[in-house]
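**Student:** Residue numbers (our numbering), protein chains in the order written: chain G, 224 to 613; chain L, 199 to 285. Just so it is clear, CB atoms sit at the ideal spot from N, CA and C, and this is done for glycine as well.
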């Protein structure tokens with residue numbers, strides 16, 4: 224009996240704490256949302272399953288968690304790579320900021336900037352949506368976070384998972400888990416969060432505005448754009464170098480017409496592999512002992528606020544621009560300034576179609592949507608430049 | 199970390215929060231405004247360049263015959279979303 228009871232204490236059942244059970248249930252909810260509701264399944268399913276894996280308890284001496292890195296990150300401990308867990312090896316791509324730039328490479332290789340090139344005014348909606356980032360930085364400081372933590376939390380408002388992971392790995396590695404989960408959760412909940420805000424801030428007449436058909440964009444424009452945009456952004460904010468470099472490199476692979484094989488790999492196999500590893504390892508990092516803290520709840524609350532402000536910022540700026548424009552912009556397009564591509568553009572299309580089924584806003588909404596990707600990467604670069612070393 | 203700092207406007211001032219926020223949004227806006235202006239003048243610049251460095255006829259033919267597939271794809275997605283909404 225003694226032997227049996229000792230064995231029981233080494234099992235997951237014997238070691239389970241209430242927090243682990245809660246996180247396992249949350250992981251199952253994420254999987255349910257992915258499969259049943261089809262909410263961003265490519266993200267929520269790996270994250271959800273990773274949460275379950277990361278919260279199975281085990282003996283400390285077994286070195287199985289993402290945090291068992293063989294002492295690499297602890298200067299006071301001798302390094303022993305034999306104690307490094309497989310999960311920590313996978314998580315290294317998140318922790319050291321490798322996976323986000325690779326995802327941006329794939330995003331660049333699948334993004335068509337021509338709707339943005341055909342209507343440059345819409346780029347400014349992507350800029351306006353980034354107000355959510357900086358107002359949330361102020362909110363986080365107000366709640367008592369230090370500057371680096373506030374910067375990492377604020378970027379959730381950019382609605383860009385890879386950018387949020389990249390910045391928090393640089394500024395606030397301790398908060399990477401809750402920030403990543405918050406960012407990806409809100410990206411998945413775009414169809415739930417945005418429509419009420421969009422309807423609150425726009426009138427029916429405004430939602431009925433039809434946009435003029437976009438002009439044809441030449442191949443030369445589509446080739447020159449990634450090179451020029453990269454130079455403009457990174458000379459202004461060198462901190463955005465890695466993310467925007469990979470984004471525009473991927474786009475040039477696509478648009479040049481001579482590297483289609485590389486572009487095809489980047490936007491299919493490569494991005495899928497990185498998405499699997501990133502989602503799974505981020506989920507596995509949400510161990511209850513690390514994740515279920517007051518800080519995590521505050522981060523979730525700030526993240527939701529950030530998202531809402533970003534949505535409102537884009538819409539209100541579109542209404543402001545309309546004061547000066549002869550050809551009005553449908554203010555719903557402002558909501559697509561958050562960089563959750565292409566979900567927020569789809570949400571704009573759906574809300575617009577509820578008023579006028581003939582109004583095709585999707586292609587116009589892609590312009591601020593992709594501009595938002597650039598804007599959130601620039602915002603991350605700016606925050607990193609300002610806060611590094613503080 | 200949280201808990202080590204005071205809560206309120208004091209903490210914002212202590213970490214120079216106002217200048218971080220104002221500087222940050224100004225820089226983001228400036229970068230995207232510059233991109234927007236560049237995109238606006240690009241077609242005219244390319245039209246001038248066309249006089250000096252005309253595109254080869256083969257390249258022009260490829261460009262005019264291949265419309266951006268993605269814009270057709272987007273219209274198809276829009277139609278599919280409408281169908282889904284009707285259901």
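Can you check the segment 521 to 561 of chain G for any beta strand (DSSP E) of at least 3 residues that lies completely inside it and give the ranges in chain order?
**Tutor:** none
**Student:** To the nearest angstrom, report how far apart residue 559(G) and residue 592(G) are at their CA atoms.
**Tutor:** Within the first chain, numbered from 1, the residue matching residue 559(G) stands at position 336. Within the first chain, numbered from 1, the residue matching residue 592(G) stands at position 369. Rounded to the nearest angstrom, the two C-alpha atoms are 5 Å apart.
**Student:** Scan the segment 451 to 484 of chain G for residues whose Cβ lies nearer than 7 Å to a Cβ of chain L and list them as they occur along the chain.
**Tutor:** Answer set for the segment 451 to 484 of chain G: 451, 452, 455, 456, 459 and 460.
**Student:** Rounding to the nearest angstrom, what Cα-Cα distance links residue 562(G) and residue 226(G) in this structure?
**Tutor:** Position 339 of the first chain holds residue 562(G). Position 3 of the first chain holds residue 226(G). Cα to Cα, residue 562(G) sits roughly 56 Å from residue 226(G).
**Student:** Quick check: the segment 474 to 490 of chain G against the segment 326 to 342 of chain G, are there 3 or more CB pairs under 8 Å?
**Tutor:** Taking one beta carbon from each stretch, the segment 474 to 490 of chain G and the segment 326 to 342 of chain G have 3 or more pairs nearer than 8 Å; the two touch.
**Student:** Mind checking whether residue 289(G) and residue 314(G) have CB atoms under 7 Å apart?
**Tutor:** The residue given as residue 289(G) occupies position 66 in the first chain. The residue given as residue 314(G) occupies position 91 in the first chain. Cβ distance < 7 Å, so residue 289(G) and residue 314(G) count as in contact.
**Student:** For residue 566(G), write down the residues that DSSP places opposite it in a beta bridge.
**Tutor:** Locating residue 566(G) in the first chain gives position 343, where the first residue counts as 1. Answer is none; residue 566(G) lacks a bridge partner.
**Student:** Considering only C-alpha positions, which residue in the set 384(G), 340(G) and 244(G) is nearest to residue 596(G)?
**Tutor:** Here residue 596(G) corresponds to residue number 373 of the first chain, with the count starting at 1. The residue from 384(G), 340(G) and 244(G) with its alpha-carbon nearest to that of residue 596(G) is 384(G).
**Student:** Residues of the segment 429 to 449 of chain G with a CB closer than 9 Å to any CB of chain L: list them in chain order, please.
**Tutor:** For the segment 429 to 449 of chain G, the set of positions with a beta-carbon nearer than 9 Å to some beta-carbon of chain L reads 437, 438, 439, 440, 441, 442, 443, 444, 445, 447 and 448 in chain order.
**Student:** Less than 8 Å between C-beta atoms, sequence neighbours within five positions excluded: which residues of the same chain meet that for residue 412(G)?
**Tutor:** Counted from its first residue, the first chain places residue 412(G) at position 189. If we look at residue 412(G) and ignore the five residues flanking it on each side, its Cβ neighbours are 262.
**Student:** Quick one: which chain G residues come within Cβ less than 9 Å of residue 250(L)?
**Tutor:** Working through the second chain from its first residue, we reach residue 250(L) at position 52. The contacting residues do not exist; residue 250(L) stays about 13 Å from chain G at best.
**Student:** Report back the beta-carbon spacing between residue 537(G) and residue 403(G) to the nearest angstrom; my notes put them in contact at under 8 Å.
**Tutor:** Here residue 537(G) is taken as the residue at index 314 of the first chain, counted from 1. Here residue 403(G) is taken as the residue at index 180 of the first chain, counted from 1. 23 Å between Cβ atoms; not a contact.
**Student:** Whole alpha helix (DSSP H) runs in the segment 228 to 254 of chain G with 4 or more residues, listed along the chain?
**Tutor:** The segment 228 to 254 of chain G contains these whole alpha helix (DSSP H) runs: 235 to 238.
**Student:** Kindly list the residues whose CB is nearer than 7 Å to the CB of residue 375(G), restricted to its own chain and excluding five residues on each side of it in sequence; keep chain order.
**Tutor:** Taking the first chain and counting its residues from 1, one reaches residue 375(G) at position 152. Here the set comprises 390, 391, 394, 395, 398 and 402.
**Student:** So does the segment 362 to 370 of chain G actually touch the segment 455 to 473 of chain G, counting three or more Cβ pairs closer than 8 Å?
**Tutor:** no
**Student:** Give me the chain B residues within the contact set of residue 280(L), using Cβ-Cβ distance strictly less than 7 Å, ordered along the chain.
**Tutor:** Absent here is chain B; the protein component of the structure consists of chains G and L.
**Student:** Are any of the Cβ atoms in chain L nearer than 7 Å to that of residue 361(G)?
**Tutor:** On the first chain, residue 361(G) is found 138 positions in, with the first residue counted as 1. Answer yes: the Cβ-Cβ gap between residue 361(G) and chain L drops below 7 Å somewhere.
**Student:** If we ignore side chains and look at the alpha-carbon of each, how far apart do residue 508(G) and residue 439(G) end up?
**Tutor:** Your numbering for residue 508(G) matches position 285 in the first chain. Your numbering for residue 439(G) matches position 216 in the first chain. Going from the Cα of residue 508(G) to the Cα of residue 439(G) covers about 46 Å.
**Student:** Assign residue 357(G) to buried or exposed, taking buried as 16 or more other Cβ atoms, counted over all protein chains shown, within 10 Å of its Cβ.
**Tutor:** In the first chain, residue 357(G) corresponds to position 134, counting from 1. So residue 357(G) counts as buried.
**Student:** Look up residue 292(G) in the DSSP assignment and give the residues it is bridged to.
**Tutor:** Start at 1 with the first residue of the first chain, and residue 292(G) comes out as number 69. Paired residue(s): 307(G).
**Student:** Distance check for residue 579(G) and residue 615(G), CA to CA, integer angstroms please.
**Tutor:** In the structure displayed, chain G extends from 224 to 613; residue 615(G) sits before or after that span and is not available.
**Student:** List, in chain order, every chain G residue whose beta-carbon is nearer than 8 Å to that of residue 221(L).
**Tutor:** Working through the second chain from its first residue, we reach residue 221(L) at position 23. Going along chain G in sequence order, the residues near residue 221(L) (Cβ under 8 Å) are 605 and 609.
**Student:** Got a sec, what are the start and stop residues for the alpha helix (DSSP H) residue 487(G) sits in?
**Tutor:** As a working mapping, residue 487(G) is identified with position 264 in the first chain. Residue 487(G) -> alpha helix (DSSP H) spans 483 to 488.
**Student:** Please name the residue, chosen from 253(G), 244(G) and 588(G), that lies closest to residue 272(L) on a Cα-to-Cα basis.
**Tutor:** Within the second chain, numbered from 1, the residue matching residue 272(L) stands at position 74. Taking only the C-alpha atoms, the option nearest residue 272(L) is 588(G).
**Student:** Can you tell me whether DSSP reads residue 512(G) as helix, strand or coil?
**Tutor:** Counted from its first residue, the first chain places residue 512(G) at position 289. DSSP places residue 512(G) in helix when its eight states are reduced to three.
**Student:** Give me the residue from 341(G), 590(G), 577(G) and 600(G) with the minimum Cα distance to residue 281(L).
**Tutor:** Position 83 of the second chain, counting from 1, holds the residue named residue 281(L). The option with the nearest alpha carbon to residue 281(L) is 577(G).
**Student:** Could you tell me which chain L residues have their CB closer than 9 Å to the CB of residue 353(G), listed as they occur along the chain?
**Tutor:** As a working mapping, residue 353(G) is identified with position 130 in the first chain. The answer, in chain order, is 222, 223, 226, 227 and 230.
**Student:** Is residue 372(G) a contact residue of the ligand HEM, with contact defined as CB to any heavy atom under 6 Å?
**Tutor:** Among the ligands in the structure shown, none appear at all, so the ligand HEM cannot be discussed.
**Student:** Do residue 310(G) and residue 276(L) count as a contact pair if the criterion is CB distance below 7 Å?
**Tutor:** Against the second chain, residue 276(L) aligns to sequence position 78. Against the first chain, residue 310(G) aligns to sequence position 87. No, Cβ-Cβ distance for residue 276(L) and residue 310(G) is not below 7 Å.
**Student:** Please classify residue 259(G): does DSSP put it in a helix, a strand, or coil?
**Tutor:** For the purposes of this step, residue 259(G) is taken as residue 36 along the first chain, with counting starting at 1. If DSSP states are grouped into helix, strand and coil, residue 259(G) belongs with coil.
**Student:** Pick from 246(G), 599(G), 255(G) and 269(G): whose alpha carbon is nearest that of residue 280(G)?
**Tutor:** Along the first chain, read from residue 1 onward, the residue named residue 280(G) stands at position 57. For residue 280(G), the nearest C-alpha among the options comes from 246(G).
**Student:** State the start and end residues of the unbroken alpha helix (DSSP H) segment that holds residue 477(G).
**Tutor:** Start at 1 with the first residue of the first chain, and residue 477(G) comes out as number 254. Where residue 477(G) is concerned, the enclosing alpha helix (DSSP H) stretches over 464 to 478.
**Student:** Mind checking if residue 263(L) is an interface residue toward chain G, Cβ cutoff 7 Å exclusive?
**Tutor:** Numbered from 1 along the second chain, position 65 holds the residue referred to as residue 263(L). Reliability of the predicted coordinates at residue 263(L) is poor, the pLDDT of 43 falling under 50, and no value is obtained from them.
**Student:** Could you give the distance in angstroms between the alpha-carbon of residue 425(G) and the alpha-carbon of residue 417(G)?
**Tutor:** Indexing the first chain from 1 puts residue 425(G) at position 202. Indexing the first chain from 1 puts residue 417(G) at position 194. Those two C-alpha atoms are separated by around 12 Å.
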